[in-house]
Amino acid sequence: MTKALGRLFDIGSVVAPIADLAAGANTGHRVHLKNCGGVAFVVLKGVASAGTDDVVVDVKEHTAATSGTSRDLDVVTTAYIKNEASLDGDETWTKLTQTAASEVTLAGATYAAHQAILVIEVDATQLSDDCEWVSVDIADPGTGGTIPGAVIAIPYDLTVQRAPENLAQLNA
Numbered sequence: 001m002t003k004a005l006g007r008l009f010d011i012g013s014v015v016a017p018i019a020d021l022a023a024g025a026n027t028g029h030r031v032h033l034k035n036c037g038g039v040a041f042v043v044l045k046g047v048a049s050a051g052t053d054d055v056v057v058d059v060k061e062h063t064a065a066t067s068g069t070s071r072d073l074d075v076v077t078t079a080y081i082k083n084e085a086s087l088d089g090d091e092t093w094t095k096l097t098q099t100a101a102s103e104v105t106l107a108g109a110t111y112a113a114h115q116a117i118l119v120i121e122v123d124a125t126q127l128s129d130d131c132e133w134v135s136v137d138i139a140d141p142g143t144g145g146t147i148p149g150a151v152i153a154i155p156y157d158l159t160v161q162r163a164p165e166n167l168a169q170l171n172a
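All residue numbers for the sequence shown refer to the working numbering, where the first residue is 1 and numbers rise by one.
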């Protein structure tokens, strides 16, 4: 078994790397939290080619792997961000706080000219009793310019630990 992958965490795509978050709404893949303590969603955002459109990340909970009932998960009070004009490894985390909501907004006036890494954590106990899946969507930021980006999920505190090649798919 590896030192951490499969024992402490797994990793998977939520919004695959795309050339332009502003090309339309980006619906994230669902992550099953049945066999883990929670998930860290990692949003990677590039510099906007023009404009100052906001990037809005929306956390949702679901009753099924596909279809079912989906609703906003209004539990996000804290997120963490690293941002600079060009991420080069010397950034430190900045804590973002807000009233409990499902959305975290990266205001274009502040972040459009920056690359950013945003982390939003959701604990499995924060889901409604009828929900086991979570996802994040990124709303269409508008027409200000191209914004490259992606979202990955890192489920952590795995309750079923396996060699990486034997881990279940994240939506199972």
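Even glycine gets a Cβ: it sits at the ideal position worked out from N, Cα and C. In this text, all values refer to a predicted model and were calculated from it rather than measured experimentally.
#1: What does the Cβ neighbour count give for N166, buried or exposed, with the cut at 16 atoms within 10 Å?
#2: If you reduce the DSSP assignment to three classes, tell me which class G38 lands in.
#3: To the nearest whole angstrom, what separates the beta carbons of A113 and V47, a pair I think is in contact under 8 Å?
#4: Excluding the five sequence neighbours on either side, which residues of its own chain have a C-beta within less than 7 Å of the C-beta of D140, listed in chain order?
#5: Along the chain, where does the alpha helix (DSSP H) that runs through G108 open and close?
#6: Please identify the residue among G12, S13 and D20 whose C-alpha is closest to the C-alpha of T143.
#7: Helix, strand or coil: which one does DSSP assign to N171?
#8: Take every Cβ of the region 113 to 131, pair it with every Cβ of the region 38 to 46, and state whether three or more of those distances are shorter than 8 Å.
#9: Please report how far the alpha carbon of G12 lies from the alpha carbon of L170, in whole angstroms.
#10: Could you tell me whether the Cβ atoms of V134 and V59 are closer together than 8 Å?
#11: Count the other C-beta atoms from every protein chain shown that fall within 10 angstroms of the C-beta of D130, then say buried if there are 16 or more, exposed otherwise.
#12: Can you look up L21 in the DSSP assignment and give me helix, strand or coil?
#13: Put P148 into one of helix, strand or coil per three-state DSSP.
#14: Would G12 count as contacting chain C if we go by Cβ distances under 8 Å?
Walking through what the data contain:
#1: Here the question's residue 166 lines up with position 166 in the sequence shown. It counts as exposed.
#2: Here the question's residue 38 lines up with position 38 in the sequence shown. Looking at G38 - three-state DSSP - the assignment turns out to be strand.
#3: Position 113 of the sequence shown, counted from the start, is the residue given in the question as residue 113. Position 47 of the sequence shown, counted from the start, is the residue given in the question as residue 47. Right, their Cβ atoms sit about 6 Å apart.
#4: Sequence index remark: in the sequence shown, residue 140 carries index 140 (1-based). Only A22, G24 and A25 meet the Cβ criterion.
#5: Against the sequence shown, residue 108 aligns to sequence position 108. Its alpha helix (DSSP H) spans residues G108 to Y111.
#6: Position 143 of the sequence shown holds residue 143. Checked all of G12, S13 and D20; the closest Cα to T143 is D20.
#7: For this step, residue 171 is matched to residue 171 along the sequence shown. Looking at N171 - three-state DSSP - the assignment turns out to be coil, as it is neither helix nor strand.
#8: yes
#9: Position 12 of the sequence shown, counted from the start, is the residue given in the question as residue 12. Position 170 of the sequence shown, counted from the start, is the residue given in the question as residue 170. In a straight line, the C-alpha of G12 is about 7 Å away from that of L170.
#10: On the sequence shown, residue 134 is found 134 positions in, with the first residue counted as 1. On the sequence shown, residue 59 is found 59 positions in, with the first residue counted as 1. Yes, these two residues count as a Cβ contact at 8 Å.
#11: On the sequence shown, residue 130 is found 130 positions in, with the first residue counted as 1. D130 should be labelled exposed.
#12: Reading the sequence shown from its first residue, position 21 is the one you call residue 21. Judged by DSSP in its simplified three-state form, L21 adopts helix.
#13: The residue given as residue 148 occupies position 148 in the sequence shown. Here P148 sits in coil by DSSP.
#14: No chain C appears in the structure shown, which is made up of a single protein chain.
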